[in-house]
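Down below is the structure, laid out as structure tokens.
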Amino acid sequence: MSDKPATWITLGTMHLVNAEDVVAARLNARQAAEMLGMDRQSQTRIATAVSEITRNAFSYASQARAEFVIDGQAPSHNFLVVVSDDGPGIDDLDSVLGGRKAFAPGRGKGLLSARRLVDSFDISSTPQGTTVRLSVRLPQGALQRLTRDEQQAIAQLLSGHLGADPIVALQDQNREIIESLNDLQDRQAEAARLNQELEETNRGVVALYSELEEKAEQLRGVSDTKSRFLSHMSHEFRTPLNSILALTRLLEDRVDGDLNPEQERQVQYIRKSAQGLLDMVNDLLDLAKVEAGKVDVKATEFTVDSVFVSLRGTLRPLLTNPAVELLFGHTAQLPQMLADEQKVVQILRNFIANALKFTETGHVLVEARHDPARQTIVFSVSDSGIGIDPLDIARIFEEFSQVDGRLQKGGTGLGLPLTRRLALLMGGEVRATSQPGQGSTFELALPVRFGQVISTTPDDDEAAPETGHVLVVDDEEAFRYVLRHIAQDAGYEVREATDGLSALQSVGLQRPDMIFLDLAMPQLDGFGVLERLAESPELASIPVVVCTSQLLSIDQKRQLARAYAIVLKQDVSRDGLTALMQGIARDHHARSG
Numbered sequence: 002m003s004d005k006p007a008t009w010i011t012l013g014t015m016h017l018v019n020a021e022d023v024v025a026a027r028l029n030a031r032q033a034a035e036m037l038g039m040d041r042q043s044q045t046r047i048a049t050a051v052s053e054i055t056r057n058a059f060s061y062a063s064q065a066r067a068e069f070v071i072d073g074q075a076p077s078h079n080f081l082v083v084v085s086d087d088g089p090g091i092d093d094l095d096s097v098l099g100g101r102k103a104f105a106p107g108r109g110k111g112l113l114s115a116r117r118l119v120d121s122f123d124i125s126s127t128p129q130g131t132t133v134r135l136s137v138r139l140p141q142g143a144l145q146r147l148t149r150d151e152q153q154a155i156a157q158l159l160s161g162h163l164g165a166d167p168i169v170a171l172q173d174q175n176r177e178i179i180e181s182l183n184d185l186q187d188r189q190a191e192a193a194r195l196n197q198e199l200e201e202t203n204r205g206v207v208a209l210y211s212e213l214e215e216k217a218e219q220l221r222g223v224s225d226t227k228s229r230f231l232s233h234m235s236h237e238f239r240t241p242l243n244s245i246l247a248l249t250r251l252l253e254d255r256v257d258g259d260l261n262p263e264q265e266r267q268v269q270y271i272r273k274s275a276q277g278l279l280d281m282v283n284d285l286l287d288l289a290k291v292e293a294g295k296v297d298v299k300a301t302e303f304t305v306d307s308v309f310v311s312l313r314g315t316l317r318p319l320l321t322n323p324a325v326e327l328l329f330g331h332t333a334q335l336p337q338m339l340a341d342e343q344k345v346v347q348i349l350r351n352f353i354a355n356a357l358k359f360t361e362t363g364h365v366l367v368e369a370r371h372d373p374a375r376q377t378i379v380f381s382v383s384d385s386g387i388g389i390d391p392l393d394i395a396r397i398f399e400e401f402s403q404v405d406g407r408l409q410k411g412g413t414g415l416g417l418p419l420t421r422r423l424a425l426l427m428g429g430e431v432r433a434t435s436q437p438g439q440g441s442t443f444e445l446a447l448p449v450r451f452g453q454v455i456s457t458t459p460d461d462d463e464a465a466p467e468t469g470h471v472l473v474v475d476d477e478e479a480f481r482y483v484l485r486h487i488a489q490d491a492g493y494e495v496r497e498a499t500d501g502l503s504a505l506q507s508v509g510l511q512r513p514d515m516i517f518l519d520l521a522m523p524q525l526d527g528f529g530v531l532e533r534l535a536e537s538p539e540l541a542s543i544p545v546v547v548c549t550s551q552l553l554s555i556d557q558k559r560q561l562a563r564a565y566a567i568v569l570k571q572d573v574s575r576d577g578l579t580a581l582m583q584g585i586a587r588d589h590h591a592r593s594g
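Here the sequence shown stands for residues 2 to 594, numbered as in our numbering.
Written as structure tokens, this is what we have:
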């Protein structure tokens, strides 16, 4: 063939003169494939395809031939059989290959069958003749292992068939059919075995789901039992506690005679202990009711002024420190609310009691404002107390969790979690902001009318973070994913860097509003990034939050003194980081204002 590619190695050519040559072409194709190292299935595929195509060529043409070739073009090597003839060509070839052309029974299927049997099938047909290329892939490294002697042996094989005995060919075909049937039987047996294993696995999965459902039902039962136990025990505890408080009150009122100073001090200790235990019992009972879904919202019409009047009366006994002043803001022009007034008072009373507890000098200011954009009333309790680390804000809303401090005097750690649950029950939310030594602010946002959904339109003070940019620098993809979602939920656009050098390049292209920085990274670690930022007057002011999982030495902490905050990865929470970002935004707003 004059247009043969340079990568072709011709093994031999045979002319199809009579029917015996068609049988010989099939045998040659199978034996050549065997000598080239192909498996039995590949041998049968190429032999059957060659048989179909050579039979067509011999039937419709006066001259036909089959050329056996190795295509050595990388990366894969192929065994080709090129069958060409001088016949009249194939009319409407596309319809034939597409299976759309009708033929007499038993005819017209050769091309389609051959195409399905080989890895590559190419056909060209004109009125001057037809050429079909059948190709199957050689095993890996077969061409490199083929010696010149083996190549000559294949060529001699192909040229040695002057004719083929039909009986021998039939025996060969029968052997291939038997082998194929055996393979099929083995595969059916394997499929049956796999189906059996799959059925057993499915039964195991069903049993596992049943067991999980049973465990879930047991957990629900345990939760219900816990709620009933807390409710029952809380009621049982209240009676003796109330009796203790009543009796201590009688003693303090000198109903049965005077007390000496030591006795009076002892009675006060008893009363305070009983009152603390009663407060814990009340909180437990309220939490149990909320968890059990037994707390209903009793919405009534009331004014903010009536809430403040109630708070003034109930909190007056708590004003035991003359250095702290309890102040209430103006309530004029605030709309009337539809909500559960008792629960609103309960939440605010908790906020104010905590503020008084952690404020040594100064004031506690209770205010309320109307937010028309979000259709809410926002109550706030601000103090000039010791403050809270922003990283601890999320913890204070967890049950039985308290922040250690010099003014921490007992408590249950249930008050703030209860306020959050009550606020959610009324369709609102609670939030807190604080800095150590600068006091704290706790806010309760409620819909003006119970049942309304709080609008997501931000206040002017909250609009800044929505246009801010956060750069997350960490070589750990999972932690970048966590920080990205928290920052995006807080309204920030997020960019990411996997090492210190790419982080500095990103900062040079666009200055972020804050950076979350890992310490252990390739190329340039977090310590190096902080040093580079500090060297630039324009970049030194960017707040950097160090996020690390390693315990830091004193020297390392000194190196990180310029960081805005240091967060341990194992302590990261959505509320804590959101509060931290809000604190950074407020500081930036205060500096720019």
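Note that CB positions come from ideal geometry on N, CA and C, so glycine has one too.
Handout entry: Nearest candidate by alpha-carbon position, reference residue 419, set 369, 589, 345, 434
Key = Against the sequence shown, residue 419 aligns to sequence position 418. Closest option to residue 419, Cα to Cα, is 345.
Exercise for the section: Take residue 578 and list the residues in its own chain whose beta-carbon comes closer than 6 angstroms to its own, dropping the five residues that flank it on each side. Expected result: As a working mapping, residue 578 is identified with position 577 in the sequence shown. Closer than 6 angstroms at the Cβ level, and outside the excluded window around residue 578, lie 487.
Handout entry: Any 3 or more C-beta pairs closer than 8 angstroms across the segment 433-445 and the segment 477-497
Key = no
Exercise for the section: Count the other C-beta atoms from every protein chain shown that fall within 10 angstroms of the C-beta of residue 429, then say buried if there are 16 or more, exposed otherwise. Expected result: Along the sequence shown, read from residue 1 onward, the residue named residue 429 stands at position 428. With 16 or more other Cβ atoms within 10 Å, it is buried.
Practice task
Within the segment 5-63, note down every full beta strand (DSSP E) run reaching 3 residues or more, in order along the chain.
Solution key: 9-16
Handout entry: residue 529 - DSSP class collapsed to helix/strand/coil
Key = For the purposes of this step, residue 529 is identified with residue 528 of the sequence shown, where counting begins at 1. It is helical.
Practice task
Using three-state DSSP, classify residue 163 as helix, strand or coil.
Solution key: If you number the sequence shown from 1, residue 163 lands on position 162. Confidence in residue 163 is poor, its pLDDT being 48 and thus under 50, which makes the residue's placement unreliable; the coordinate value appears in the next sentence. Of the three classes helix, strand and coil, the one that applies to residue 163 here is coil, per DSSP.
Practice task
Measure the alpha-carbon distance for residue 146 versus residue 36 and round it to whole angstroms.
Solution key: The residue given as residue 146 occupies position 145 in the sequence shown. The residue given as residue 36 occupies position 35 in the sequence shown. Spanning the two alpha carbons is a distance of roughly 11 angstroms.
Handout entry: Through-space distance from residue 530 to residue 389, alpha-carbon basis
Key = Start at 1 with the first residue of the sequence shown, and residue 389 comes out as number 388. Start at 1 with the first residue of the sequence shown, and residue 530 comes out as number 529. Looking at the two C-alpha atoms, the distance is approximately 29 angstroms.
Practice task
Report buried or exposed for residue 210, applying the criterion of at least 16 other Cβ atoms within 10 angstroms of its Cβ.
Solution key: Locating residue 210 in the sequence shown gives position 209, where the first residue counts as 1. With fewer than 16 other Cβ atoms within 10 Å, it is exposed.
Problem - Endpoints, the beta strand (DSSP E) within which residue 383 is located - result: The residue given as residue 383 occupies position 382 in the sequence shown. Start and end: 377-384.
Problem - Neighbourhood of residue 6 by C-beta distance below 6 angstroms, restricted to the same chain and skipping five residues each side - result: By one-based count along the sequence shown, residue 6 stands at place 5. Once the five neighbours on either side are set aside, residue 6 has no close Cβ partner at all.
Handout entry: Straight-line Cα distance separating residue 121 from residue 200
Key = Within the sequence shown, numbered from 1, the residue matching residue 200 stands at position 199. Within the sequence shown, numbered from 1, the residue matching residue 121 stands at position 120. Whole-angstrom Cα-Cα distance: 38 angstroms.
Practice task
Evaluate contact between the segment 44-61 and the segment 121-139, counting only Cβ atoms and requiring at least three cross-stretch pairs below 8 angstroms.
Solution key: yes
Practice task
Determine which residues share a DSSP beta bridge with residue 448 and list them.
Solution key: Residue mapping note: residue 448 aligns to position 447 of the sequence shown, counting from 1. 377, per the DSSP bridge assignment.
Problem - Short Cβ contact (8 angstroms threshold) for residue 342 with residue 377 - result: To locate residue 342, count along the sequence shown from 1; it is residue 341. To locate residue 377, count along the sequence shown from 1; it is residue 376. Their beta carbons are not under 8 angstroms apart, which means residue 342 does not touch residue 377 by this criterion.
Handout entry: Pick from 96, 97, 155, 89 that is closest to residue 127, judged by C-alpha positions
Key = As a first step, residue 127 must be located in the sequence shown, where it is residue number 126. Minimum Cα distance to residue 127 is reached at 89.
Handout entry: Touch test, the segment 344-363 against the segment 305-319, Cβ-Cβ under 8 angstroms, three pairs minimum
Key = yes
Practice task
Compare the beta carbon distance of residue 500 and residue 476 with 8 angstroms and say whether it is the shorter of the two.
Solution key: By 1-based counting over the sequence shown, the position of residue 500 is 499. By 1-based counting over the sequence shown, the position of residue 476 is 475. Yes, Cβ-Cβ distance for residue 500 and residue 476 is below 8 angstroms.
Practice task
Taking only the alpha-carbon atoms, compute the straight-line gap between residue 586 and residue 336 and give it to the nearest angstrom.
Solution key: For the purposes of this step, residue 586 is taken as the residue at position 585 of the sequence shown. For the purposes of this step, residue 336 is taken as the residue at position 335 of the sequence shown. Each residue's Cα considered, the two are about 30 angstroms apart.
Handout entry: Proximity to residue 385 [Cα-Cα], best of 436, 397, 416
Key = If you number the sequence shown from 1, residue 385 lands on position 384. Per the Cα distances, 436.
Exercise for the section: Taking 8 angstroms as the cut-off, decide whether the C-beta atoms of residue 69 and residue 23 are in contact. Expected result: By 1-based counting over the sequence shown, the position of residue 69 is 68. By 1-based counting over the sequence shown, the position of residue 23 is 22. Taking 8 angstroms as the Cβ cut-off, residue 69 and residue 23 do not qualify as a contacting pair.
Problem - Strand pairing of residue 517, partner residues [DSSP] - result: Sequence index remark: in the sequence shown, residue 517 carries index 516 (1-based). 473, 546, per the DSSP bridge assignment.
Problem - CB of residue 71 within 8 angstroms of CB of residue 158, strictly - result: Position 70 of the sequence shown, counted from the first residue, corresponds to residue 71. Position 157 of the sequence shown, counted from the first residue, corresponds to residue 158. No. Outside cutoff.
Handout entry: Supposed contact pair residue 379 and residue 329 - C-beta distance, whole angstroms, cut 8 angstroms
Key = Here residue 329 refers to the residue found at position 328 of the sequence shown. Here residue 379 refers to the residue found at position 378 of the sequence shown. About 15 angstroms separates the two Cβ atoms, so there is no contact after all.
Practice task
Can you give me the Cβ contacts of residue 117 inside the same chain, cut-off strictly under 7 angstroms, excluding the 5 residues immediately before and after it?
Solution key: To locate residue 117, count along the sequence shown from 1; it is residue 116. There are no such residues.
Practice task
Under 6 angstroms Cβ to Cβ from residue 18, same chain only, skipping five residues before and after it: list those, please.
Solution key: The count along the sequence shown starts at 1 and reaches residue 18 at position 17. Sequence-distant Cβ neighbours of residue 18 in its own chain, meaning closer than 6 angstroms and more than five residues away, do not exist here.
Practice task
Go ahead and pull the three-state DSSP assignment for residue 441.
Solution key: As a first step, residue 441 is located in the sequence shown; it is residue number 440 there, counting from the start. Strand.
Exercise for the section: Would you list the one or two residues that DSSP bridges to residue 495? Expected result: As a first step, residue 495 is located in the sequence shown; it is residue number 494 there, counting from the start. Residue 495 pairs with 471.
Exercise for the section: Look at the alpha carbon of residue 256 and the alpha carbon of residue 369, and state the distance between them as a whole number of angstroms. Expected result: For the purposes of this step, residue 256 is taken as the residue at position 255 of the sequence shown. For the purposes of this step, residue 369 is taken as the residue at position 368 of the sequence shown. Approximately 43 angstroms between the Cα atoms of the pair.
Practice task
Look at the Cβ atom of residue 626, then the Cβ atom of residue 279, and state whether they are nearer than 8 angstroms.
Solution key: The shown model of the chain, from 2 to 594, leaves out residue 626, and the question about it has no answer.
Handout entry: Minimum C-alpha distance to residue 382 - residue among 364, 372, 397, 392
Key = The residue given as residue 382 occupies position 381 in the sequence shown. A check of alpha carbon separations from residue 382 across 364, 372, 397, 392 identifies 364 as the nearest.
Problem - Three-state secondary structure (DSSP) of residue 416 - result: Taking the first residue of the sequence shown as 1, we reach residue 416 at position 415. Here residue 416 sits in helix by DSSP.
Practice task
Quick one: residues in its chain with C-beta nearer than 6 angstroms to the C-beta of residue 324, no 5 flanking neighbours on either side, listed in chain order?
Solution key: As a first step, residue 324 must be located in the sequence shown, where it is residue number 323. Contacts found: 362.
Exercise for the section: Look up residue 364 in the DSSP assignment and give the residues it is bridged to. Expected result: The residue given as residue 364 occupies position 363 in the sequence shown. In the DSSP output, where bridge partners are listed per residue, residue 364 has 326.
Handout entry: Nearest-angstrom Cβ-Cβ length linking residue 547 and residue 521, presumed shorter than 8 angstroms
Key = By one-based count along the sequence shown, residue 547 stands at place 546. By one-based count along the sequence shown, residue 521 stands at place 520. So it is not a contact: roughly 11 angstroms between Cβ atoms.
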